[in-house]
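Data block below; observations after.
2 protein chains.
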Amino acid sequence: MALSDLIAVERNEEGIAAVLQTLRDAFGERFQTGHSIREQHAHTTTYLPNQMPDGVVFPESIEEVQQVVRACAAHRVPLIPFGTGTSLEGHVNAPGGGISLDTSRMNRILAVNAEDLDCTVEPGVTREDLNRHLRDTGLFFPIDPGANASLGGMAATRASGTNAVRYGTMRESVIALTAVMADGEVVTTASRAKKSAAGYDLTRLLVGSEGTLGVITSLTLRLHGIPQAISGGVCPFPTLEAACQAVIATIQMGIPVARIELVNALQMKAINLHSKLDYPESPCLFLEFHGSEAGVAEQADLFGMIAEEQGGGPFLWTSVAEERSKLWKARHDAYWASFTLRPGAKGLSTDVCVPISRLAECVAESEVDIAENGLVAPIVGHAGDGNFHTLVLMDPDDPAEIARVEGFVARLNMRAIAMGGTCTGEHGIGQGKAGFLRRELGHGVDIMRAIKQALDPQGILNPGKTITG
Amino acid sequence: MALSDLIAVERNEEGIAAVLQTLRDAFGERFQTGHSIREQHAHTTTYLPNQMPDGVVFPESIEEVQQVVRACAAHRVPLIPFGTGTSLEGHVNAPGGGISLDTSRMNRILAVNAEDLDCTVEPGVTREDLNRHLRDTGLFFPIDPGANASLGGMAATRASGTNAVRYGTMRESVIALTAVMADGEVVTTASRAKKSAAGYDLTRLLVGSEGTLGVITSLTLRLHGIPQAISGGVCPFPTLEAACQAVIATIQMGIPVARIELVNALQMKAINLHSKLDYPESPCLFLEFHGSEAGVAEQADLFGMIAEEQGGGPFLWTSVAEERSKLWKARHDAYWASFTLRPGAKGLSTDVCVPISRLAECVAESEVDIAENGLVAPIVGHAGDGNFHTLVLMDPDDPAEIARVEGFVARLNMRAIAMGGTCTGEHGIGQGKAGFLRRELGHGVDIMRAIKQALDPQGILNPGKTITG
């Protein structure tokens with residue numbers, strides 16, 4: 001289970017040549033084969049090697065997506081759907097070459113149904129685009145994975161982020177999809193009804209399928225009313241254990257926190273260094289509350305009492321928008337801040353998620369493991385969901401260090417699985433975690449493989465990903 | 001698309017004889033073939049004919065479920081999972097005979113993880129059993145489809161009910177499952193983590209698969225804290241339109257109603273007759289609010305203002321438990337109350353669900369359709385979700401009336417589909433709605449069929465259901 005054990009996919013040179021010609025003829029300038037654009041459309045983040053596609057196509061309609069899929073199907077050539085390329089798990093790499101299908105020109109907002117709290121968008125619309133468009137409606141789309149990702153990519157990877165604890169993940173946010181399947185046919189997964197018992201849940205099958213079952217061509221998404229009041233704050237704790245106990249009590253009391261983020265002492269230090277702040281350098285929770293003016297005050301007071309019971313505090317909170325923005329900017333910059341701890345290093349982000357009763361134990365054991373192995377790896381977590389990331393800062397040219405990192409990542413993933421958790425809460429399987437998926441779900445992977453085989457018998461959609469273990 | 005066009009499944013007499021012998025030898029008294037027990041294990045509700053299995057087996061463990069599935073697989077004999085038999089769509093009928101697998105002896109609560117707000121149960125545990133067991137923990141399981149159904153059956157049919165508007169459906173409530181697949185192998189669909197990006201969503205694939213993909217053998221379910229305060233009330237409106245507008249405003253303002261149920265004038269009349277009450281016989285909303293003492297009062301006051309704006313009211317609400325119980329008993333008895341409108345009739349329940357912006361229109365057109373065709377069909381709806389039921393009271397021995405009913409049901413389903421909705425919000429496809437599923441999702445049905453073929457190539461799991469269209 002070495003990090004670098006990526007699945008090889010054999011190149012079909014003849015087929016690739018034929019598809020390149022077909023797409024060049026059909027798409028003209030909207031088909032590109034230059035080195036730098038191909039490099040941009042392969043994996044560009046963290047530690048994984050860049051495996052370039054042979055060409056990048058920019059369709060503008062479902063019919064054009066069908067045309068691309070059919071060309072690839074006719075010649076058994078890999079097709080890799082591409083949103084914004086912000087995946088951390090090599091989802092957009094092209095291990096056997098082939099075509100990157102860039103959805104950025106499919107960026108229309110097709111409908112906003114304010115009364116129904118839903119909208120329908122093309123896959124290339126980013127979450128920030130959508131929220132800008134919604135600004136005057138009093139509605140917003142909450143799912144926030146950090147990056148300004150495309151909504152198609154977020155659906156394909158079942159993305160979530162800091163406010164999933166209240167608003168759910170893409171699993172709960174996608175009402176229906178259209179997708180072009182491996183044979184070039186278009187499928188609509190569901191109606192726009194809020195609930196349905198109409199056959200197998202094809203929507204949830206495609207959400208999280210990482211481009212291996214179909215190319216998402218439109219999404220109907222659940223929206224929410226912008227809360228009347230928002231407040232937020234930071235609360236330090238003497239220990240990780242105390243912070244996690246405060247999280248459990250908050251969730252169990254049913255306080256509808258919008259965000260409750262755990263940041264460990266090392267990560268707080270990095271945030272202070274990077275953002276020139278002076279937060280306490282002990283484990284902290286970052287919180288946000290949504291509701292009425294009275295409601296957010298009540299939530300903050302209740303949380304303050306919980307924190308105090310755990311020896312934490314003071315919990316300082318504010319409803320002032322600028323102060324909140326500063327706080328969340330610091331939290332969102334945690335990824336970049338981490339690099340101040342080891343300039344020049346490459347970062348590898350882990351993504352385990354455990355039942356919250358095991359969160360403190362899992363984080364604490366991992367901190368010990370990090371220390372024992374001489375690694376630099378600050379921790380942030382979506383604590384309300386039991387999901388946390390360590391960003392391991394490493395020298396990619398030091399094989400001994402890489403081996404230590406690989407050992408740590410394997411132990412971390414297996415620790416989470418042993419605690420009833422998963423190796424990935426939100427980043428997905430991609431290229432790096434197929435072996436752990438097998439350890440986690442066993443025979444379930446064979447069921448996934450049977451579905452993949454049934455829906456994409458030639459294996460042209462994003463090969464070498466997700467269910468290779 | 002006649003109601004009576006059920007899919008025929010050919011009987012495999014030789015295989016059935018062999019399986020009967022195998023199960024008799026293996027299960028002794030826990031395998032039954034008497035006429036009345038077989039009749040009870042086929043469809044017993046509403047208008048569909050009763051199609052008996054050849055035998056009923058009562059396994060007590062996953063291993064015994066595997067044994068039954070393997071026997072049926074070896075001889076290509078249908079196997080129909082059975083919970084409590086409260087389905088309205090013929091899910092438990094045995095059109096080609098075979099074995100009914102009754103889960104009622106798999107009724108252990110395996111774990112309650114209060115800190116994680118989850119529990120793991122065997123499939124034969126009913127929702128009332130579970131809530132009785134949870135009583136002292138301060139937690140509850142909210143999904144309430146009316147009947148005291150088994151949790152395995154509720155998952156298999158993606159059940160919901162009156163409080164789905166706040167707590168979601170079985171889709172949102174099932175964290176993970178184990179199931180025995182058609183080849184007798186056990187699959188675990190997910191870890192106990194609250195969120196996951198670990199491969200295809202097998203949990204959601206099995207939820208709503210109506211026993212056609214696997215036999216559910218355990219479920220991990222999301223629980224909720226019992227609210228500190230609960231209040232409820234009934235609010236009359238001058239028109240259906242006004243009641244629906246009040247629903248839309250309530251949802252759009254983000255008032256976290258736990259229940260918001262629409263009852264039309266005819267159904268109110270039936271409720272008054274049946275329960276000897278004197279509610280206004282105009283369209284009404286039944287509401288329930290969960291929260292803190294102050295919270296439920298605030299919600300009720302806000303709703304009262306919304307109702308008034310729509311010309312509705314007075315909205316009388318109460319926090320007194322006995323009064324609330326009386327109110328919700330009247331609402332839950334609506335099904336039985338309907339029969340007072342036409343004693344001796346058979347009832348057929350429809351189940352469309354539309355975007356709530358179209359709810360008033362869909363209900364109003366359906367009322368006109370009912371009147372124009374001389375039918376008796378009161379209406380209740382889970383209005384916050386856009387889901388409503390008409391209970392068509394008919395004489396099953398009058399072919400002309402049956403034809404009128406069939407026409408009405410077909411128009412109703414197609415009306416909902418045309419409005420962006422579904423033919424089934426919560427009752428499922430079962431035997432009766434396969435043709436409408438095809439109208440609703442088109443090529444999607446072929447994708448479902450490919451999945452079914454991949455996972456159950458012999459077609460032994462609940463044949464003649466769900467994806468026959």
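Chains as they are written, first to last, in full-length UniProt numbering: chain X, 1 to 469; chain C, 1 to 469.
In this text, a Cβ means the ideal position worked out from N, Cα and C, and glycines have one as well.
Because the structure is a prediction, the values reported are computed rather than measured.
Take the Cβ of residue 394(X) as the centre, count every other Cβ of all protein chains shown within 10 Å, and call the residue buried at 16 or more, exposed below.
buried
With DSSP collapsed to three states, give me the class of residue 259(X).
strand
Which residues mark the beginning and the end of the beta strand (DSSP E) in which residue 119(C) is found?
118-121
Kindly say whether residue 250(X), judged by its beta-carbon, lies nearer than 9 Å to any beta-carbon of chain C.
no
Can you tell me whether residue 387(X) is helix, strand or coil according to DSSP?
strand
At what residue ranges does the segment 182-213 of chain C contain a whole run of the beta strand (DSSP E), taking only runs of 3 or more?
186-188
By the DSSP assignment, the beta strand (DSSP E) with residue 131(X) in it spans what residues?
Taken as a continuous stretch (DSSP letters only), residue 131(X) belongs to no beta strand (DSSP E), being part of the alpha helix (DSSP H) at 127-134.
Closer than 9 Å to chain X by CB, residue 197(C):
yes
How would you write the range of the alpha helix (DSSP H) that residue 402(C) sits in, first residue to last?
399-418
If we ignore side chains and look at the alpha-carbon of each, how far apart do residue 1(X) and residue 406(C) end up?
Here the model assigns residue 1(X) a pLDDT of 40, short of 50, so the residue's position is not dependable and the matter cannot be decided.
What would DSSP say about residue 244(X), mapped onto helix, strand or coil?
helix
Which chain C residues sit within Cβ distance under 9 Å of residue 443(X)?
181, 185, 186, 187, 188
Run through DSSP, which three-state label would residue 222(C) get?
strand
Would you tell me roughly how many angstroms separate the C-alpha atoms of residue 190(X) and residue 6(X), rounded to the nearest one?
35 Å
Evaluate contact between the segment 283-293 of chain C and the segment 250-259 of chain C, counting only Cβ atoms and requiring at least three cross-stretch pairs below 8 Å.
yes
Using three-state DSSP, classify residue 286(X) as helix, strand or coil.
strand
Taking Cβ positions, are residue 159(C) and residue 206(C) nearer each other than 9 Å?
no
Would you mind telling me which residues of chain C sit closer than 9 Å to residue 117(X), beta carbon to beta carbon, in chain order?
251, 252, 356
Where residue 109(X) falls: helix, strand or coil (DSSP)
strand
Residue closest to residue 167(C), alpha-carbon to alpha-carbon, out of 357(X), 194(X), 438(X):
194(X)
Please list the segments of the alpha helix (DSSP H) lying wholly inside the segment 323-390 of chain X, counting only runs of 4 or more residues, in order along the chain.
334-338, 359-372
Using a threshold of 9 Å, state whether the C-beta atoms of residue 141(C) and residue 48(C) are closer than that.
no
To which residues of the same chain is residue 164(C) closer than 6 Å at the C-beta, ignoring the five residues directly before and after it?
385
Residue 392(X), DSSP secondary structure in three states:
strand
Would you mind stating whether residue 178(C) and residue 200(X) have Cβ atoms separated by less than 9 Å?
no
Bridge partners - residue 102(X), DSSP secondary structure assignment
82(X)
Sort out for me which residues DSSP pairs residue 147(C) with in a bridge.
DSSP output for residue 147(C) lists no bridge partner at all.
Does DSSP put residue 94(C) in a helix, in a strand, or in coil?
coil
If residue 41(C) and residue 53(C) are in contact, beta carbons under 8 Å, what's the gap, nearest whole angstrom?
6 Å
Cβ-Cβ distance between residue 337(X) and residue 291(X) below 9 Å
no
In or out: residue 21(X) buried (at least 16 other Cβ within 10 Å) or exposed?
exposed
Taking 9 Å as the CB-CB limit, is residue 1(C) close to chain X?
Note that residue 1(C) scores a pLDDT of 40, beneath 50, so its modelled location is shaky; the value from the coordinates is reported in the next line. Not one chain X Cβ lies under 9 Å of residue 1(C).
Is residue 353(X) close to chain C? Criterion is C-beta to C-beta, closer than 9 Å.
yes
If we count the other Cβ atoms within 10 Å of its Cβ and call it buried at 16 or more, is residue 266(X) buried or exposed?
buried
Closer than 8 Å: residue 117(X) CB and nearest the ligand PLP heavy atom
With respect to the ligand PLP, the structure shown offers nothing to examine, as it has no ligands at all.
Please identify, using Cβ separations under 7 Å, the residues of the segment 287-313 of chain X that lie next to chain C, in order along the chain.
none
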